[in-house]
Amino acid sequence: MTRRRPSGITLAVALMATVFALFFLLPFAGLIWRAIEDPRAREALGDPSVGTALRVSLVTTLASLALSLLFGTPVAYLLARRQIPGGAVLDALLDLPIVLPPTVAGVALLTAFGRRGLLGEPIEAFTGVSLPFTMLAVIVAQTFVAAPLYVRAARAGFEAVDPELEAIARTLGASRAHVFRRITIPLARGPLLAGAVLCWARALGELGATLIFAGSLAGRTQTLPLAVIAAFEGGPLGLPGAVALSLVLLAVALLLLGTLRLVAKRGLA
């Protein structure tokens, strides 16, 4: 039996796929090559400012992830079961931070919680606390842009859980809270975990909203993406520092991607 020669269309598609793959591969290869080739980039990895930016990123992203899980989980469940008043409006509002440019989100947060904002001015008048340009502002900005991703994934997970299972458990005397903890959450854990990873990844890469609402203050509000910008625009570390910081972000992104793939491989997502 003779093997069929690939047609011209097949070869053209294969060539297009190769070019497309190289388009995404080459920038990362260039980043790694520059980090290996330039000793200043390797030296920059040991600079204290890199560790400081990493610490700020980890503290703020973990806090924003915790807030997203705390508030997003019940909201996602209520949206899935259509048990929340104005659910359609809330559903549309959750889409806005996903589709809007991050800079617009930052301006919106500033007009709401800034010193002259809708809530920022009365909050400062009563508490003496100004939210913008603080680490708390970083957490707020990250939560604003990242939480909707978790809510979307969690809602899909809850919608996949048969409401009849919950109803049967209720008829056997289990409380709503017990049913939610012991039945609903375990059955939806795959999408919940995947949503949490996506939420954390989005918070880690957040730049525009954080820059406008929280600024880029080293040691306070300067996350890894902001440190990359600061280094690239003439900071003490310069381009080698931007390469080193980008390499750290790339490593964290690969770790998150690996975690997400592991969740999917185990059949949880």
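Numbering-wise, our numbering puts 430 at position 40 of the sequence shown, and it's gapless, one number per residue.
Every residue gets a Cβ at the ideal spot worked out from N, C-alpha and C, and that includes glycine.
Since the structure is predicted, the reported quantities are computational estimates derived from the model, not experimental observations.
Pick from the options that is closest to residue i, judged by C-alpha positions
i, options, result
"W590", "A643, A482, P491 and H568", "A643"
"G605", "V587, G563, P417 and G504", "G504"
"A495", "A404, R651, A567 and A527", "A527"
"L455", "V541, P475 and E514", "V541"
"R432", "A578, R592, A632 and G648", "A632"
"I575", "F548, M406 and L459", "F548"
"F461", "R545, S636, E596 and P492", "R545"
"I426", "P630, K655 and V653", "P630"
"M525", "R424, T600 and L652", "T600"
"L484", "L539, A593, S636 and G510", "L539"
"L490", "L645, V535 and A404", "V535"
"A621", "P492, S439 and L459", "S439"
"L452", "R651, Q612, G598 and A586", "A586"
"A531", "I399, G398, T611 and T442", "T611"
"T533", "V449, L415, G624 and V653", "V449"
Per-residue burial, residue i [other beta carbons within 10 Å of its own, 16 or more giving buried]
i, result
"Q473", "exposed"
"I488", "exposed"
"T529", "The sequence as given places Ile at residue 529; Thr does not occur at that position. It is buried - the Cβ of I529 has at least 16 other Cβ atoms within 10 Å."
"S565", "exposed"
"P429", "exposed"
"A419", "exposed"
"P581", "buried"
"R572", "exposed"
"A659", "Legend: pLDDT at A659 = 45, less than 50; position of this residue unreliable, value from coordinates given subsequently. Burial call: buried."
"I558", "exposed"
"V409", "exposed"
"R445", "exposed"
"A411", "exposed"
Check whether residue i and residue j have beta carbons under 9 Å apart
i, j, result
"L457", "A537", "yes"
"A584", "A641", "no"
"L614", "L627", "no"
"L660", "L646", "The question about residue 660 has no answer here: the residues shown for the chain are numbered 391 through 659."
Where the alpha helix (DSSP H) containing residue i begins and where it ends
i, result
"G585", "R579 to L594"
"Q532", "M525 to E549"
"S520", "No alpha helix (DSSP H) holds S520; DSSP gives it neither H nor E."
"L405", "G398 to E427"
"P438", "P438 to A470"
"L601", "G598 to A604"
"T501", "P492 to F503"
Near the ligand NAP: residue i beta-carbon under 8 Å from a heavy atom
i, result
"R592", "No copy of the ligand NAP appears in this structure; indeed no ligand is present at all."
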